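Peer 1: First residue of the sequence shown: 2, per the numbering used here; consecutive thereafter.
Below is a structure I'd like to ask you about.
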Amino acid sequence: MTNTTFNATGTADNLAKHSGIRTILQWLAEPPAPHPADELPSLRANLKAWRDVGGTPQQRARALDGLYRRSCSVIDDLLPSLTDLTLPVPAKARRVVRSVLDLLQMLADETLLLPNGVGVDRVDPIERMTTLDLAVWRSLNALARQLLIGHLIAAPARSGTWQQLHQTFAVARAQKLHTLVPEGAASSPQHLYHAAVLLGCAQPASLTAREVLFLAAYFDRFADDIEPIAAAAAVQPGTFWIDPQRDLPAISCSRRLAPPTVALDGLSCARLTALLKTQIAQLDDGTPAQAIGLPDFAGTPAGLGVLRRLAGRWSDSGKRRFQRRRQNHRTTLSSGIDGLWQLCQTGEAADLELSTWMITNESPDGYAVMHVSGKTGALSVGDIAAVRTGGEQNWQICLVRWAVSENPEHLELGLQILAPRAVPAILAQPSDALGTQHLRVLILPEIPLLRSSQLLVVASGALPKQRQKLILVIEKGNLVVREVKRTNVDEQTGSVDILSIEPDENPF
2 MTNTTFNATG TADNLAKHSG IRTILQWLAE PPAPHPADEL PSLRANLKAW RDVGGTPQQR
62 ARALDGLYRR SCSVIDDLLP SLTDLTLPVP AKARRVVRSV LDLLQMLADE TLLLPNGVGV
122 DRVDPIERMT TLDLAVWRSL NALARQLLIG HLIAAPARSG TWQQLHQTFA VARAQKLHTL
182 VPEGAASSPQ HLYHAAVLLG CAQPASLTAR EVLFLAAYFD RFADDIEPIA AAAAVQPGTF
242 WIDPQRDLPA ISCSRRLAPP TVALDGLSCA RLTALLKTQI AQLDDGTPAQ AIGLPDFAGT
302 PAGLGVLRRL AGRWSDSGKR RFQRRRQNHR TTLSSGIDGL WQLCQTGEAA DLELSTWMIT
362 NESPDGYAVM HVSGKTGALS VGDIAAVRTG GEQNWQICLV RWAVSENPEH LELGLQILAP
422 RAVPAILAQP SDALGTQHLR VLILPEIPLL RSSQLLVVAS GALPKQRQKL ILVIEKGNLV
482 VREVKRTNVD EQTGSVDILS IEPDENPF
């Protein structure tokens with residue numbers, strides 16, 4: 002009697018499990034929801050059920066393949082909506098992001114289980130070439146996408162993500178699968194891993210969401226140009242080391258040398274940096290971005306600016322010029338060329354949205370600040386900003402260098418001081434279609450011992466590249482007209498171009 006009951010119960014359980022796998026397959030056959038975000042709860046629920054349901058190995062493999070593909074399709078559809086979010090990301094959008102990250106983490110974990118539930122560390126060698134290579138690739142891809150989405154919203158990586166990425170690649174390397182391209186994949190696990198590591202090396206907190214996506218595409222194209230080296234050899238600019246046991250991205254040797262007592266990985270970006278400089282020179286000479294295998298964004302001022310910053314960052318030692326000092330006093334901040342122009346012109350801020358921030362540390366060339374109150378507006382990396390502390394009369398002009406936002410109530414910025422004040426001016430430039438255009442610009446004074454020329458801050462892309470001579474109108478009680486010429490492009494971001502200027506001694 003006992004045996005009969007046991008067998009009947011076991012049969013019922015098996016039928017339920019087989020019914021579960023059929024339910025997943027039937028759901029995958031249905032058309033997707035109209036809005037991608039509406040798919041996320043069902044995808045997570047089916048992935049959770051997949052681990053516990055029965056079915057033949059072929060059925061389970063087909064179900065997992067379908068869930069993976071559908072998940073990637075939904076996430077691809079959601080990515081464009083993450084590029085236009087303001088910081089800090091609103092709570093509603095962050096809930097969607099959290100749901101996407103949960104889904105990606107499940108994919109990273111589940112794809113490393115074979116259809117029969119066996120982990121990758123116990124794979125039969127015969128199955129290695131047909132199953133494990135794709136499983137490892139998909140897990141790496143899910144982890145890389147998880148990191149990418151964190152970069153897009155300026156959020157720190159989830160705890161454990163970097164460590165899992167490093168260790169999953171170590172599995173691929175130990176099984177000698179890291180250079181193989183699985184069937185249905187576009188690259189090898191090594192290429193995928195290197196592209197994710199390079200994006201971490203590019204200091205994504207110093208990039209806008211569009212710049213993050215641009216560099217992600219760039220590294221996906223040129224990840225094979227980095228050179229693996231011994232960690233002990235990572236001592237030159239553009240070299241990094243990785244500790245697979247730690248939950249950290251690759252660490253620049255310019256910031257900290259690899260400890261000599263631990264076996265670590267290293268990589269050199271010297272060859273990739275040389276390629277970057279060649280491509281920048283070609284773009285400066287007028288070569289279309291597509292002609293050299295780059296996205297169209299590379300030919301824009303923001304794209305060129307990000308390539309220049311990356312090449313410069315990987316070419317120098319990256320040592321800090323000044324020590325930071327911890328602080329906890331308040332400052333007032335405003336951003337945007339038009340807002341700063343009004344501040345510098347009238348000294349008044351009645352019509353502007355100002356926000357209050359706490360200075361958490363400072364040095365002679367910049368601040369780290371944390372938002373306290375007030376509307377931040379459409380503030381992003383690369384914006385021009387002004388801060389004024391206490392009873393100071395002038396507004397210091399700064400450039401937003403990085404941003405970090407851990408939740409909807411939190412935003413921190415890194416500000417580089419460009420000048421202790423600015424002179425507002427009108428830039429008059431002829432236009433074939435509109436006659437003469439008048440643009441609000443800021444003139445930053447020269448600073449002895451730091452720079453000998455004045456700087457002109459203008460909206461990104463507002464000036465044609467070929468126009469060297471400029472007419473500036475300055476109102477200082479009297480109207481002053483200055484003819485200047487630009488001598489160098491000091492900085493280009495998605496918001497502003499910063500140019501070195503000097504008086505034009507031969508205006509005709």
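Glycine included, every Cβ here is placed at the ideal spot set by N, Cα and C.
None of the values given here were measured: they were computed from a predicted structure.
Can you name, in chain order, every residue of its own chain whose Cβ lies under 7 Å from the Cβ of residue 491, other than the five neighbours on each side?
Peer 2: Same-chain partners within the cutoff: 456, 499, 500, 501.
Peer 1: Measuring only the C-alpha atoms, how far is residue 192 from residue 429?
Peer 2: Roughly 49 Å between the two C-alpha positions.
Peer 1: With a threshold of 8 Å, are at least 3 pairs of Cβ atoms found where one atom belongs to the region 285-304 and the other to the region 263-275?
Peer 2: No, because fewer than three Cβ pairs between the region 285-304 and the region 263-275 fall closer than 8 Å, the two stretches do not touch.
Peer 1: Can you grab the Cα-Cα spacing for the pair residue 133 / residue 188, in whole Å?
Peer 2: For residue 133 and residue 188, the distance between alpha carbons rounds to 15 Å.
Peer 1: Rounded to the nearest angstrom, what separates residue 35 and residue 78 at their Cα positions?
Peer 2: If I take the Cα positions, the gap works out to 11 Å.
Peer 1: Among 421, 405, 420, which one has its Cα closest to the Cα of residue 414?
Peer 2: Taking only the C-alpha atoms, the option nearest residue 414 is 405.
Peer 1: Name the DSSP beta bridge partners of residue 241, please?
Peer 2: In the DSSP output, where bridge partners are listed per residue, residue 241 has 253, 268.
Peer 1: When DSSP labels each residue in this structure, what does residue 140 get in the three-state scheme?
Peer 2: In the structure shown, residue 140 sits in a helix (DSSP, three-state: H, G or I).
Peer 1: On the three-state DSSP scale, how would you describe residue 126?
Peer 2: Unreliable positioning characterises residue 126 in this predicted model, as indicated by a pLDDT of 42, which lies under 50. A coordinate reading is not provided.
Peer 1: Which of the three DSSP states, helix, strand or coil, is assigned to residue 148?
Peer 2: Correct three-state label for residue 148: helix.
Peer 1: Could you check if residue 30 is buried or exposed, using at least 16 other CB atoms within 10 Å of its CB as the buried criterion?
Peer 2: The residue is exposed, with fewer than 16 neighbouring Cβ atoms inside 10 Å.
Peer 1: If you count every other CB in all the chains shown that lies within 10 Å of the CB of residue 410, and 16 or more means buried, which is it?
Peer 2: Label assigned to residue 410: exposed.
Peer 1: Does DSSP put residue 195 in a helix, in a strand, or in coil?
Peer 2: Looking at residue 195 - three-state DSSP - the assignment turns out to be helix.
Peer 1: Enumerated in chain order, which unbroken segments of the alpha helix (DSSP H) with a length of 4 residues or greater are wholly contained in the region 148-194?
Peer 2: The region 148-194 contains these whole alpha helix (DSSP H) runs: 162-175.
Peer 1: List the endpoints of the continuous beta strand (DSSP E) containing residue 229.
Peer 2: Residues 228-231.
Peer 1: Span of the beta strand (DSSP E) holding residue 486?
Peer 2: Segment 479-493, the beta strand (DSSP E) holding residue 486.
Peer 1: Drop a sphere of 10 angstroms on the beta-carbon of residue 482, count the other beta-carbons inside from all chains shown, and report buried for 16 or more, exposed for fewer.
Peer 2: By the neighbour-count rule (16 or more Cβ atoms within 10 Å), residue 482 is not buried but exposed.
Peer 1: Mind checking which residues open and close the alpha helix (DSSP H) that includes residue 469?
Peer 2: That residue, residue 469, is in no alpha helix (DSSP H); it is neither H nor E in DSSP.
Peer 1: Rounded to whole angstroms, what's the CA-CA distance from residue 163 to residue 439? Just pull it up for me.
Peer 2: Rounded to whole angstroms, residue 163 to residue 439 spans 49 Å at the Cα level.
Peer 1: Take every Cβ of the region 137-146, pair it with every Cβ of the region 202-213, and state whether three or more of those distances are shorter than 8 Å.
Peer 2: Contact between the region 137-146 and the region 202-213 is absent, because fewer than three Cβ pairs lie under 8 Å.
Peer 1: Is the region 211-222 touching the region 169-177, taking contact as three or more C-beta pairs under 8 Å?
Peer 2: Counting Cβ pairs under 8 Å, fewer than three are found: no touch.
Peer 1: Assign residue 407 to one of three DSSP states: helix, strand, or coil.
Peer 2: If DSSP states are grouped into helix, strand and coil, residue 407 belongs with coil.
Peer 1: How close, in whole Å, do the beta carbons of residue 226 and residue 272 come, if the pair is a contact with beta carbons under 8 Å?
Peer 2: Yes, residue 226 and residue 272 are in contact; Cβ-Cβ is about 5 Å, under 8 Å.
Peer 1: How should residue 447 be labelled, buried or exposed, when 16 other C-beta atoms within 10 angstroms of its C-beta is the threshold for buried?
Peer 2: Looking at its Cβ environment, which holds fewer than 16 other Cβ atoms inside 10 Å, residue 447 is exposed.
Peer 1: Where do the N-terminal and C-terminal ends of the beta strand (DSSP E) with residue 383 fall, by residue?
Peer 2: It is not in any beta strand (DSSP E) - residue 383 carries neither H nor E in the DSSP assignment.
Peer 1: Is the beta carbon of residue 84 closer than 9 Å to that of residue 576?
Peer 2: Because the chain here runs from 2 to 509, residue 576 falls outside it and cannot be looked at.
Peer 1: Is the region 395-404 close to the region 371-379, with three or more CB pairs under 8 Å?
Peer 2: No, they do not touch.
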